[in-house]
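Notes follow once the structure below has been shown.
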Amino acid sequence: MQPDVELIRVTKRYGGAAAVDDVSLAIPAGSYCCLLGPSGCGKTSTLRMIAGHESITEGDILLGGRNVTDLPPAARGTAMMFQSYALFPHLTALENVAFGPRMRGVGKAERLAEAAEFLRLVQLERMADRLPAQLSGGQQQRVALARALITRPRVLLLDEPLSALDPFLRGQMREELKRLQRELGITFIHVTHGQEEAMALSDLAVVMDHGRIAQAAPPREIFERPASAFVARFIGGHNVLDLPEGRFAIRTDRTRLAPAPGGPVLPGHVTAVEYQGAAVRVVVRGAGGQAAEALLPDAVFHAAPVEPGAAVTLGWDAAAAHPLPATAAA
Amino acid sequence: MPGRAARILLGGLFGLFLLFLYGPTITIGILSFQGPDGGLTFPMNGASLHWFAQLFQPQAVGDLGAAMRRTLTLAAMVTVSTVVISLMAGMAFRRRFRGSGAVFYLTIASLIVPSILVSLGIGLLFNQMEWEPAWYSSAFGAQLTWTLPFGLLIMFAVFNRFDRSWEEAARDMGATPWQSFRHVVLPIIAPSVVGIALFGFTLSFDEFARTLLTAGSGNTLPLEILGMTTTVTTPVLYALGTVSTAVSFLVIGGAILGARLLGRRRGA
């Protein structure tokens, strides 16, 4: 399939330092893509370059096969939802949504009717006459979403859209973003530092580190076959261990306290036990000083409970150990 | 919470401050209603509007009506120029440009230079160039050296708290730079712009030191009042004080009311 968004050797330098360093990426049409990484990894700069709010030092950006590198934001076919939502405080929810059509010179009755339709899409038609200050965080976000969608973008860009919401609302909004993306069939590019968010939403997850792409793949592939120790650590749920045979990522839920005879093991003692409901997390400090943990189903743990300080041996199936490139930086 | 003694002390201090602030104005206000035969001091010899009527007759020492007209016109000129120039300068200073620091400090320095020196300098310059100093040229410039730095400082404070992503969002939705200014930036900062206008007006309306040596032959109201204090010995002086105070309050009250109405339309 023809990619919707294509980055070709894109670099962004501030002064001498490269915030985004020679990044190439193709995002298929109609997919949900998450740019994921710790703060300062270049994910937001990448998003802002796609939006046209940041100039590109080197490289090209193609949208639907068209080179948009030097086009202004509104001419690109993208729409951006800002982290702070950037709702205009002097306009009502309805007028905020109608802002795009208003700038294009659409008549008042027509643009307000259209805006009302988009408010309905995000289930906020009852709040049409409220000012942003009179809306909750979640409602403000829906207005921002409607305001971006009314421009009928082929790509919607979301800058950490869920970071300002409380955990309950975050889960709800997450489902709604995914639903909207499916229904509209357009490409969403979503910047986040939460791996859980990226796993839940994305068709394509792009893990970034120091301005480069560490791994770009469907989330399941990233979780099952992390490309480097950085990726394995960042997405979590893995022990990264240096063993005589090399460096491996082993999922913590595949790690057990009762090793199969003859399998690979890591002896050590328990430093922490954390009850998590369905599972219990046992943190172990290995003989060589390596930290590792085992995520045990609660029934398994309670059948043979351990206390901090206890000597244990961690073990796993040889097939569960995913080899990592030894050269990868830690 | 301060103790009892401290509260009494602070309350007393504040009372004294209020007395100093409003006492003279109120005294002059009362005395301006002096009867036709009354003098410059208490007791009141009857009550009348006699001196207000006198105010608008041509005076022996000058023409108050003309001075008031000049002052109001000048204040309007200063207000408009201050608002327009500080707004544009505030927008420009949001990005650092070559020499922005130097330009900023040069502008602000005019607040520190003693007013009377500014006045003297401008007056001298006009003399040297053999230009006729006048309230609408040299005094206009002299007053701007006072109001512009204030306006610029207010704009700095405003844009410090201004969220850049508002403009990015506007651009994202296809607004031209002018549309983004007209429909996003200006409405959001409107209350501060009204504030700058008020500042400019009141600073100009009672400006004295900078106007003293630059006004030329046509006096502004404060200069006319100064002239009158030495020659006029009737309560017409007080009537003038009351009228100019009333004008100031009307302008400020009107502006506050306007801002309220604007806010209500917005807040409803």
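So the sequences go chain by chain: A and B.
Here UniProt numbering is used: the first residue of the first sequence is 1, the next is one more, and so on.
Here UniProt numbering is used: the first residue of the second sequence is 1, the next is one more, and so on.
Positions of the beta carbon are idealized from the N, C-alpha and C atoms, including for glycine.
Candidates the options: closest to residue i by CA position
i	options	result
valine 143 of chain A	A/Ala198, A/Leu62, A/Ser84	A/Ser84
phenylalanine 208 of chain B	B/Ser115, B/Arg171, B/Tyr105	B/Ser115
valine 284 of chain A	A/Leu257, A/Val97, A/Gly263	A/Leu257
valine 319 of chain A	A/Ile27, A/Arg104, A/Gln276, A/Gly263	Here residue 319 of chain A is alanine; the residue named in the question, valine, does not match the sequence. Ranking the options by Cα distance to alanine 319 of chain A, first place goes to A/Gly263.
serine 136 of chain A	A/Lys43, A/Ala164, A/Leu156, A/Val106	A/Ala164
aspartate 37 of chain B	B/Ala255, B/Met155, B/His50	B/His50
alanine 26 of chain A	A/Ala18, A/Leu35, A/Ala19	A/Leu35
tryptophan 146 of chain B	B/Leu9, B/Leu250, B/Leu106	B/Leu106
phenylalanine 162 of chain B	B/Pro187, B/Pro177, B/Gly151	B/Pro187
arginine 102 of chain A	B/Ala175, B/Val185, B/Ala76, B/Glu224	B/Ala175
alanine 79 of chain A	A/Arg225, A/Thr151, A/Leu119, A/Arg120	A/Thr151
asparagine 45 of chain B	B/Ile30, B/Phe56, B/Leu55, B/Gln54	B/Ile30
leucine 94 of chain A	A/Phe82, A/Ala113, A/Ala86, A/Met81	A/Ala113
serine 244 of chain B	B/Gln128, B/Leu18, B/Phe52	B/Phe52
aspartate 172 of chain B	A/Arg212, A/Leu201, A/Gly100	A/Gly100
serine 192 of chain B	B/Gly151, B/Ser110, B/Leu117	B/Gly151
leucine 148 of chain B	B/Thr25, B/Leu262, B/Ser204	B/Ser204
proline 261 of chain A	A/Gln276, A/Gly315, A/Ala311	A/Gly315
proline 38 of chain A	A/Gly30, A/Pro28, A/Phe248, A/Glu160	A/Glu160
Those residues which DSSP pairs with residue i across a bridge
i	result
proline 325 of chain A	Its beta-bridge partners do not exist; DSSP assigns none.
phenylalanine 188 of chain A	A/Tyr32, A/Leu156
leucine 25 of chain A	A/Leu7
threonine 78 of chain A	A/Val155
alanine 249 of chain A	A/Val240, A/His322
glutamate 293 of chain A	A/Val283
alanine 134 of chain B	B/Gly216
alanine 17 of chain A	A/Tyr14
asparagine 45 of chain B	Partner(s): none; asparagine 45 of chain B has no beta bridge.
asparagine 67 of chain A	A/Leu62
Segment limits, alpha helix (DSSP H) that includes residue i
i	result
glycine 90 of chain B	64-92
valine 232 of chain B	Neither: valine 232 of chain B is in no alpha helix (DSSP H) and is coded neither H nor E.
glycine 123 of chain B	115-128
residue 273 of chain B	It is not possible to answer for residue 273 of chain B, since the shown part of chain B is limited to 1 through 268.
methionine 127 of chain A	Taken as a continuous stretch (DSSP letters only), methionine 127 of chain A belongs to no alpha helix (DSSP H), as it is neither H nor E.
valine 206 of chain A	Valine 206 of chain A -> not in any alpha helix (DSSP H); beta strand (DSSP E) instead, spanning 204-209.
valine 185 of chain B	Careful: valine 185 of chain B lies outside any alpha helix (DSSP H) and carries neither H nor E.
glutamine 57 of chain B	Neither: glutamine 57 of chain B is in no alpha helix (DSSP H) and is coded neither H nor E.
glycine 23 of chain B	4-31
glycine 138 of chain A	137-149
Unbroken beta strand (DSSP E) run spanning residue i, endpoints
i	result
asparagine 239 of chain A	238-243
leucine 266 of chain A	265-275
glutamine 215 of chain A	212-217
glycine 315 of chain A	311-315
isoleucine 61 of chain A	58-63
methionine 103 of chain A	Segment 99-103 is the alpha helix (DSSP H) holding methionine 103 of chain A; no beta strand (DSSP E) there.
glycine 286 of chain A	279-286
Partners in chain A for residue i, counting only beta-carbon separations shorter than 8 Å
i	result
proline 177 of chain B	Ordered by position in chain A, no residue passes the 8 Å Cβ test against proline 177 of chain B, which lies about 10 Å from the chain.
aspartate 163 of chain B	Ser84, Ala86
arginine 94 of chain B	Neighbours of arginine 94 of chain B on chain A: none; closest Cβ ~16 Å, over 8 Å.
valine 184 of chain B	Phe88
tryptophan 166 of chain B	Ala86, Phe88
Alpha carbon of residue i to alpha carbon of residue j, nearest angstrom
i	j	result
glutamate 166 of chain A	phenylalanine 188 of chain A	Glutamate is not the amino acid found at residue 166 of chain A; the sequence shown has aspartate there. Spanning the two alpha carbons is a distance of roughly 22 Å.
proline 72 of chain A	alanine 229 of chain A	39 Å
isoleucine 235 of chain A	glutamine 195 of chain A	5 Å
glycine 253 of chain B	glycine 195 of chain B	12 Å
isoleucine 8 of chain B	leucine 250 of chain B	35 Å
alanine 330 of chain A	valine 231 of chain A	Reliability fails at alanine 330 of chain A, whose pLDDT of 43 lies under 50, so the model's placement of it is uncertain and no value is given.
alanine 278 of chain A	aspartate 298 of chain A	6 Å
glycine 267 of chain B	alanine 116 of chain A	Reliability fails at glycine 267 of chain B, whose pLDDT of 47 lies under 50, so the model's placement of it is uncertain and no value is given.
methionine 199 of chain A	leucine 145 of chain A	21 Å
valine 83 of chain B	proline 219 of chain A	55 Å
arginine 170 of chain A	histidine 193 of chain A	14 Å
leucine 13 of chain B	phenylalanine 159 of chain B	36 Å
leucine 212 of chain B	leucine 21 of chain B	24 Å
residue 271 of chain B	leucine 261 of chain B	Missing from the structure shown is residue 271 of chain B; chain B here goes from 1 to 268 and no further.
glycine 3 of chain B	alanine 133 of chain A	39 Å
alanine 109 of chain A	glycine 185 of chain A	28 Å
Contact set between residue i and chain B, taken where Cβ atoms lie within less than 9 Å
i	result
threonine 151 of chain A	Asp172, Met173, Gly174
Chain-ordered chain A contacts of residue i [CB-CB under 7 Å]
i	result
threonine 187 of chain B	For the sequence presented, residue 187 of chain B should be read as proline rather than threonine. The contacting residues are His90.
Under 7 Å from the C-beta of residue i: neighbouring residues of chain B
i	result
proline 73 of chain A	Arg171, Asp172
glycine 100 of chain A	Met173, Gly174
alanine 113 of chain A	Correct list: empty, because the minimum Cβ distance to chain B is about 18 Å.
Interface residues of chain B facing residue i [CB-CB closer than 8 Å]
i	result
arginine 104 of chain A	Gly174
methionine 80 of chain A	Glu168, Ala169, Asp172
histidine 53 of chain A	Glu168, Arg171, Asp172
Below-7 Å beta-carbon distance, residue i vs any chain E residue
i	result
methionine 199 of chain A	Considering every chain present, this structure includes no chain E. Its protein chains are A and B.
Closer than 6 Å: residue i CB and nearest the ligand PLP heavy atom
i	result
leucine 295 of chain A	Absence of the ligand PLP is noted for the structure shown, with no ligands found whatsoever.
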